[in-house]
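For reference, the structure discussed in these notes is given below.
2 protein chains.
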Amino acid sequence: MSKVFLDEKYIPDRWYNILADLPMPMDPPISPFTGKPVTFDEMKALFPPQLIEQEMSTQRWIDIPEKVMEVMRLWRPTPLIRAERFEKALGVKSKIYFKYEGTSPAGSHKPNTAVAQAYYNKINGINRLTTETGAGQWGSALSVACKMLEMQCRVFMVKVSFNQKPYRKSFMRMFDAEVIPSPSEFTNAGREILKQNPESNGSLGLAISEAVEEAAGRDDTNYALGSVLNHVVLHQTVIGLETKKQFELINDYPDKIFASCGGGSNFGGIAIPFIKDKLEGKDVEAIAVEPASCPTLTKGRFAYDYGDVAKLTPIMKMYTLGHDFEPPAIHAGGLRYHGESPIVSHLYHEGIIDAQNVHQSDIFKYGIMFAQTEGIVPAPESAHAIAAAAMEAENNMEEGKEKSILFCLSGHGFFDMSAYDAYFDGKLEDYEYPEEAIRKSLENLPNV
Amino acid sequence: MSKVFLDEKYIPDRWYNILADLPMPMDPPISPFTGKPVTFDEMKALFPPQLIEQEMSTQRWIDIPEKVMEVMRLWRPTPLIRAERFEKALGVKSKIYFKYEGTSPAGSHKPNTAVAQAYYNKINGINRLTTETGAGQWGSALSVACKMLEMQCRVFMVKVSFNQKPYRKSFMRMFDAEVIPSPSEFTNAGREILKQNPESNGSLGLAISEAVEEAAGRDDTNYALGSVLNHVVLHQTVIGLETKKQFELINDYPDKIFASCGGGSNFGGIAIPFIKDKLEGKDVEAIAVEPASCPTLTKGRFAYDYGDVAKLTPIMKMYTLGHDFEPPAIHAGGLRYHGESPIVSHLYHEGIIDAQNVHQSDIFKYGIMFAQTEGIVPAPESAHAIAAAAMEAENNMEEGKEKSILFCLSGHGFFDMSAYDAYFDGKLEDYEYPEEAIRKSLENLPNV
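Protein chains in written order, with this note's numbering: chain A, 79 to 526; chain B, 79 to 526.
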């Protein structure tokens, strides 16, 4: 039995909130305007009350509304699959399992939170959301969620992606979203950058600034973020909760869990329900996998930093490479955010989870081997986890060990074929971000 | 319960061959060289013996080799899904179910036969296959199958698609296939066309000629076809066999079955196992759905015709629009082949199945409504069936009837976003092929 399907009755009806079980409390987010911890009222310009409560809550289990369950049933439960043909190609004896989130409407794990965020806005009378998107995964997810809940959606898409990935734009258009290349003339943040450089290609940090500025300035509009924040990580725990049930059914349990890590919601989503077990004494390791060219956890600093370029978001205690950080153009694998989920950062700082970075030659090598054996073209983001899981299995083999390895295949790569073309054409090089440059971009951290 | 998953033990281990149960025998294929029924030996230049046997067999059940089962387990069984949100958006009371074949590695039903064909070649010592592809679905499927069975694959891709759909090419490249724009300099057929018109965009009929010519001329290479032939339709019956089991589990049975129909393997695959029931007296209707701009069954003639432009394939008794027929450029929905599976043609001629054609405005209208409610972007080909099923449900509603409607969602549309863009940009028009033009293209039928 290589595929483990779950009955719909096993879709989790509660999210697991690890803030209830942390051995040490987390530092609060700080307002960029007052320099003090952000208040509930200050967050109301961007988010509906239930999401702000979830952001701050230490309640262990939070019920998932029935309407959110109804939409999630379109694609959940997602399968847990044993990658037997991949194991054979690697020549390893460890078992490699993957949880596949690419069966969702947007092709990734992102709709798990997009639907919940849209829902809480909707019941508060907000019928319009703004957001940013880089490669397009999150913009696609929010577009789908808004359409399913009959809301409007405006997506600020980093201009270089807008031009390079026309089919992501087409996808969002299919779900009636409005897609705006960023920097745009719609916001002060955008106009400011365009004045300095009319040819600017944009960045994720800037697109966030544009989306936040618009949401803050309009009563009918709120903002939605696809990763980083506590409530986003919370919503993604359905992934790990389902996976635990699936392992129960096959009488196995993972020794090591790998997940790619940009903002942290994918990693948190699959790993955190297992970390609950670890905190209760269970022997399991969770490893966040990031690009060598954007090594936030492995080479960044644990410090307060801004979430965006225009310094409009709360200042968060997290691993960061500095809010001005931009990975080099040669980097094709996504996961480009300068910061990291405060929850994931905290877990790493406390030594509860581990992290590693991988080079893109390995990402594409193992990603293609996975596609050729398992028949699923992975998103380059997800291929970070594939590479790390494969190398772990190879190491086990050398050491004569047989382990159970789990990774999250967070999405498919059907909209990322140009990155694979670049790899086949020999246009990608490995790039390790120089320590000196990181030190430099960390000089601009806020004084908190 | 809106999704019906099957345990892996229910993947069919035998194909159902309707030639065993036909009330009237089919007319044999004729050799274009001798003018007599094609012999086993004549087919050996292109196909391995087991496939030729299957092409001619009247044995009711044919065992599926374990190696083929092993690869199919990567994506089979596929889900049967009740489209409840789509029903609600349509405002109908009939139940609409769909069998979703888009979860396969190539994103369509095509790998069901690609793997079987590759396997039978492999065990006969053939390690290289050629084929043609139009939109890219079949070329993708054969590329995957060849890689899974460690064989080489050369795909002649209609040049206009080669240029318009770069990511289909990237996909095939990912599975180590060689993709050649057709017409090419590799074959007499290709060189002949290029001499007449160096700017030729190619056609499916010509790409078939190129692939057949190369396979016929090389001992190490065979040919594989993605639709039309009896053995291809046979391999696709796993779709309908699984679907019947799934209906059993939910104690329902479809009144009407819709499937889009180009060469006929998708329609035959889902419908034929139900037609077995119909021949035994069960009340079920199967309707082949084709484009109004390529109306093979609904406006073509039941006659012997060539399968390709260069007249290299056997002459088959089928519904045809004439082997020179080409749908207009304005047509964006695929299903462009001039002919039709002889089995499907025979069933239609005998009045056992029905057919209808649909306009592309309806295809895209209902296809988008389906995506927005069910969260799956359909291939435009598959959207033909969606449109027909939706219109049936609407008609039932008007007539006060509640039926069980089934359609086959043969593939996803992630590689077809440009067709949706054309629709949104208002570039698509409805086009009904003029009767006079069809009469004209039917003047060149062979004398058999």
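Positions of the beta carbon are idealized from the N, C-alpha and C atoms, including for glycine.
The alpha-carbon separation between E256/A and H424/B amounts to approximately 49 Å. Within the same chain, Cβ atoms closer than 7 Å to the Cβ of H309/A are found at L129, Q132, E133, the five residues on either side in sequence being excluded.
Leaving aside the five residues that flank M121/A on each side, the residues in its chain whose CB is nearer than 6 Å to its CB run, in chain order, I130.
Under the 10 Å beta carbon count, N95/A is surrounded by 16 or more other beta carbons and is classified as buried. For the C-beta of P456/B, not a single chain A residue is nearer than 9 Å; the gap to the nearest is close to 11 Å.
Closer than 8 Å to the CB of P183/A there is at least one CB belonging to chain B. Under the Cβ criterion of 8 Å, V222/A is counted among the residues facing chain B. Chain order gives the chain B residues near R251/A as F502, where near means a beta carbon separation below 7 Å. Beta-bridge annotation (DSSP): Q434/A is paired with V367/A. Sequence-distant partners of E459/A (beyond 5 residues in either direction) whose C-beta falls short of 6 Å from its own C-beta, in its chain, are S338, G412, L413.
With contacts defined by Cβ atoms closer than 8 Å, Y301/A and T191/A do not form a contacting pair.
Excluding sequence positions up to five before and after G342/A, its CB lies within less than 8 Å of the CB of S305, V306, V311, A366, E418, S419, I421, V422, S423, all in the same chain and listed in chain order.
Taking the Cα of I201/A as reference, the smallest distance to any Cα among D85/A, S439/A, F125/A is reached at F125/A. Residue-level contact by beta carbon fails for I464/B and chain A, as no gap is shorter than 8 Å. Within the DSSP bridge table, the entry for Q230/B names R206/B as partners. With the criterion set as a beta carbon lying under 9 Å from some beta carbon of chain B, the members of the segment 429-455 of chain A are I446, A449, Q450, T451, E452, G453, I454, V455, in sequence order. Using beta-carbon distances, K505/A does not count as an interface residue toward chain B, since no partner is under 8 Å. Here the C-alpha atom of F403/B lies approximately 8 Å from the C-alpha atom of I516/B.
Rounded to the nearest whole angstrom, the C-alpha separation of M250/A and T391/B is 43 Å. Close partners of R151/B in chain A (Cβ separation under 7 Å): S80. In the displayed model, A388/A falls within coil according to three-state DSSP, outside both helix and strand.
CA-CA distance, S80/B to F493/B, rounds to 27 Å. Note on geometry: alpha-carbon atoms of S488/B and L220/B lie some 16 Å from one another. Rounded to whole angstroms, the Cβ separation of V233/A and G212/A is 11 Å, and the two are not in contact under 8 Å. Per DSSP, Y426/B is one residue of the alpha helix (DSSP H) stretching across 420-427. Per DSSP, the unbroken beta strand (DSSP E) holding L158/B starts and ends at 158-160. One alpha carbon belongs to M252/B, the other to A123/B, and they sit about 29 Å apart. Following the DSSP letters along the chain, one finds K177/B in no alpha helix (DSSP H) but inside the beta strand (DSSP E) bounded by residues 173-178. Under the 8 Å criterion on CB atoms, K225/B is classed as interfacial with respect to chain A. Apart from sequence neighbours up to five positions away, the residues of its chain that approach A285/A with a beta-carbon distance below 6 Å are E210, F234, V236, S260, ordered along the chain. Out of Q450/B, M396/B, F325/B, the CA that lies nearest to the CA of E428/B is found in M396/B. Non-local beta-carbon contacts of S172/A in its own chain, meaning distances under 6 Å to residues more than five positions away in sequence, involve A471, N474, E480, K481, I483 in chain order. The beta-carbon distance between L520/B and R296/B, rounded to whole angstroms, is 34 Å. This is too long to meet the 8 Å contact definition. The Cβ-Cβ distance between H409/B and S371/B falls below 8 Å. Excluding sequence positions up to five before and after E452/A, its CB lies within less than 7 Å of the CB of A161, R163, F164, all in the same chain and listed in chain order. What F493/A touches in chain B, judged by beta-carbon distance under 8 Å, is F492, going in chain order.
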